[in-house]
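Okay, structure first, notes after.
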Amino acid sequence: PAAVKINVRQALSFRNQRVKVPGWVHRLRVQGKDFMFIVLRDGTGILQCILADRLCHTFDAITLTLESTVMLYGVLNEVPEGKSAPGGHELIVDYWEIIAKAPGGSEAVTNKVNSESDPSVMYTQRHLVIRSDTHSATLKLRSYVLKAFRTHFDSIGYLEVTPPCLVQTMVEGGSTLFSLPYYGETAYLTQSSQLYLESCVPAMGSVYTISESYRAEKSNTRRHLSEYSHCEIEAGFIDFNDLLNIIENMICGVTDILLNDPVSAAFIKQLNPDFEAPQRPFMRMRYSDAIIWLNEHGIKREDGQDFEFGDDIPESPERLMTDTINRPIMLTHFPGPIKSFYMPKDKEDPRVTESVDLLMPNVGEIVGGSMRISNYIDMIAAFKSAGLAPENYYWYLDLSKYGAFPHGGLGLGIERFIAWIANRYTIRECCLYPRFPGRCQP
Ligand code: ATP
Ligand code: MG
Ligand code: MG
Ligand code: MG
């Protein structure tokens with residue numbers, strides 16, 4: 533009988549029918565000379581296929597290699613009881629052909645199978661490594677994560693904008709700027725789209741973007757990339773407490789969307805079997821209490837001294853704290869000097885700002901947010917003390933001149949969110965081709 537061409541995802545609807553399935557030889561097991569298992573991968577899933585007798589005796593069968601491209605024909609059977617197969621069915625192959633043969637025994641293919649290889653090889657060979665079960669699941673989950681953020685913001689009426697990546701302003705300090713020649717001038721790759729989003733609110737209402745941000749991070753860490761996907765929002769006529777609720781709603785809303793979709797829920801289960809949706813309300817802790825917490829737990833600064841009010845809390849003590857408390861923490865009210873220039877002072881305690889970091893177990897900071905200075909005089913003063921020349925920011929300064937309004941926003945690293953929900957060791961696994969010091973390929 534004729535065979536319908538299907539992909540693995542469609543298998544369920546074609547049970548007991550003769551089909552043909554194109555794909556790649558993901559795993560191969562030869563049992564004697566009359567029996568062969570091919571686990572076929574086609575991007576949509578994997579399918580166990582059985583070749584018996586004369587089908588195993590051909591030259592192509594005997595020399596078949598991993599990652600070769602094949603078309604397999606046969607009837608899709610429900611798997612007999614007591615045997616397990618992905619998806620609950622297997623293909624009893626009655627005819628097959630090779631579309632392209634891969635060289636056997638290559639290191640690249642071994643790396644795909646053995647995801648624990650030397651990390652530098654893992655990154656050089658990432659174009660092949662992403663074919664592995666774990667890495668492909670992470671990238672597929674990423675697609676659902678991006679969609680879930682869009683669904684969430686759409687459901688609360690925020691509009692998506694696409695700000696420029698080539699800019700002449702900095703948002704998070706000059707030390708991590710990538711600069712490039714721009715028609716005889718200097719331009720930078722954007723560190724954050726925040727200033728542009730702020731400019732959109734009077735035009736479009738509350739807005740969000742998921743755009744690339746670039747940071748020339750000097751050190752190699754588990755949670756810094758040179759290029760990352762940055763989900764940023766800006767909302768008008770809110771106060772600091774509203775902002776904290778926006779963050780909590782976003783994390784819980786997106787998590788719910790992912791867990792309610794059987795496909796994304798299955799990826800989370802595969803990658804992070806113990807995952808549980810976070811409990812609301814999130815713990816809220818002031819920066820000054822975090823300093824006390826660190827000292828009470830004997831966690832020291834790099835120079836061996838106790839932490840003091842005003843110190844930046846670096847990645848490693850922050851991680852110790854988050855992993856010990858082991859639930860989301862909204863850390864609030866950081867001192868002005870360790871935060872960005874655009875953050876307003878707290879009305880009750882001018883030593884601190886209306887700022888928040890959301891810390892998650894295993895990753896640490898995944899969100900940075902704050903209210904924004906909305907008063908022209910304060911803004912000029914903030915520029916002065918940050919040592920920023922106002923010329924390139926004339927348009928931004930206009931925002932606090934023409935219709936200043938209370939507003940705030942946040943930035944979330946998509947890769948950090950994925951590292952949290954999928955329990956990955958480093959965010960380098962949570963994007964397609966990670967960029968970090970010394971790596972710009974593939
Ligand atoms: P960190 O303290 O980890 O360096 P940050 O405070 O400099 O982060 P923000 O400027 O607050 O980062 O950016 C907002 C969010 O963007 C962060 O909470 C984080 O999720 C993400 N992010 C920042 N820098 C990076 C990076 N280099 N790679 C990946 N994600 C990042
Ligand atoms: Mg940083
Ligand atoms: Mg930070
Ligand atoms: Mg931050």
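The sequence shown begins at 533 in UniProt numbering and counts up one residue at a time. Ideal Cβ placement from N, Cα and C applies to all residues, glycine included. All of these numbers come straight from a predicted model, not from anything done at the bench.
- When DSSP states are grouped into helix, strand and coil, Q726 belongs to the helix group.
- Scanning its chain for C-beta atoms nearer than 6 Å, with the 5 sequence neighbours on each side dropped, one finds around A918 the residues F873, in chain order.
- Between the beta-carbon of L608 and that of F546 there is about 5 Å, and that keeps the pair under the 8 Å contact cut.
- Fewer than three beta-carbon pairs drawn from the region 777 to 794 and the region 828 to 848 are found closer than 8 Å, and the two stretches are therefore not classed as touching.
- At least one heavy atom of ligand 4 lies less than 7 Å from the C-beta of D889.
- The closest CA to that of D930, considering only I912, K679, K871 and D878, is found on I912.
- For T854 and Q811, the gap between their C-alpha atoms comes out near 15 Å.
- Restricting attention to A593, D566 and T666, the CA atom closest to the CA of G577 is found in T666.
- The bridge partners DSSP lists for K877 are T885.
- Around the beta carbon of R663, a 10 Å sphere encloses 16 or more other beta carbons of the protein chains shown; the residue is thus reported as buried.
- Judged by beta-carbon spacing, Y740 lies within the 8 Å limit of E764, meaning their Cβ atoms are closer than that value.
- Taken in chain order, the whole alpha helix (DSSP H) runs of length 4 or more contained in the region 798 to 869 are 819 to 828 and 847 to 857.
- The three-state reading of DSSP puts Q973 in coil, since its state is none of H, G, I, E or B.
- With a threshold of 7 Å, the Cβ atom of E897 counts as near ligand 4, since some heavy atom of the ligand is closer than that.
- Note that the region 744 to 758 touches the region 951 to 966; at least 3 beta-carbon pairs, one per stretch, sit closer than 8 Å.
- Distance from V895 to G943 at the Cβ level is roughly 15 Å; contact not present, criterion being Cβ atoms closer than 8 Å.
- Taking C-beta separations shorter than 7 Å and ignoring five residues to either side along the sequence, the partners of L863 in its chain run M817, Y819, A822, V888, D889 and L891, following chain order.
- Taken in chain order, the whole alpha helix (DSSP H) runs of length 4 or more contained in the region 539 to 608 are 591 to 594.
- In this structure, ligand 1 has no non-hydrogen atom nearer than 7 Å to the beta-carbon of R967.
- Going by C-alpha positions, P696 is about 21 Å away from H939.
- Contact between the region 566 to 582 and the region 616 to 623 is present, with at least three C-beta pairs closer than 8 Å.
- Scanning the region 705 to 769 for uninterrupted beta strand (DSSP E) segments of 3 residues or longer gives 711 to 714, 717 to 721, 739 to 746 and 759 to 768, listed from N- to C-terminal end.
- Excluding its 5 nearest sequence neighbours in each direction, R859 has C-beta neighbours in its own chain below 8 Å: P810, Q811, F814, M815 and P893, listed in chain order.
- The beta carbon of G868 is closer than 6 Å to those of T885 in its chain, skipping five residues each way along the sequence.
- Membership of Y655 in the alpha helix (DSSP H) is indicated by the continuous run P651 to T656.
- Distance from the Cα of I570 is smallest, within the candidate group R559, Q563 and Q726, for R559.
- Under the three-state reduction of DSSP output, S616 falls in the coil class, being neither helix nor strand.
- Beyond the five residues adjoining it in sequence on each side, D838 comes within less than 7 Å, by CB distance, of N827 and K832 in the same chain, given in chain order.
- By the beta-carbon neighbour count (other beta carbons within 10 angstroms, threshold 16), Y714 is exposed.
- Taking C-beta atoms as the reference points, T670 and E961 count as a pair closer than 8 Å.
- Put simply, the backbone Cα of D878 is about 38 Å away from that of P966.
- A residue is called buried once 16 or more other Cβ atoms fall within 10 Å of its Cβ, and I946 is buried on that count.
- Annotation for G900 indicates a beta carbon within 7 Å of some heavy atom of ligand 4.
- Of the residues Q726, F710 and E847, the one whose Cα lies closest to the Cα of A719 is F710.
- Looking from the CA of A921, the closest CA among Q973, T701 and C732 belongs to T701.
- When the Cα atoms are used, M782 and T856 turn out to be separated by approximately 24 Å.
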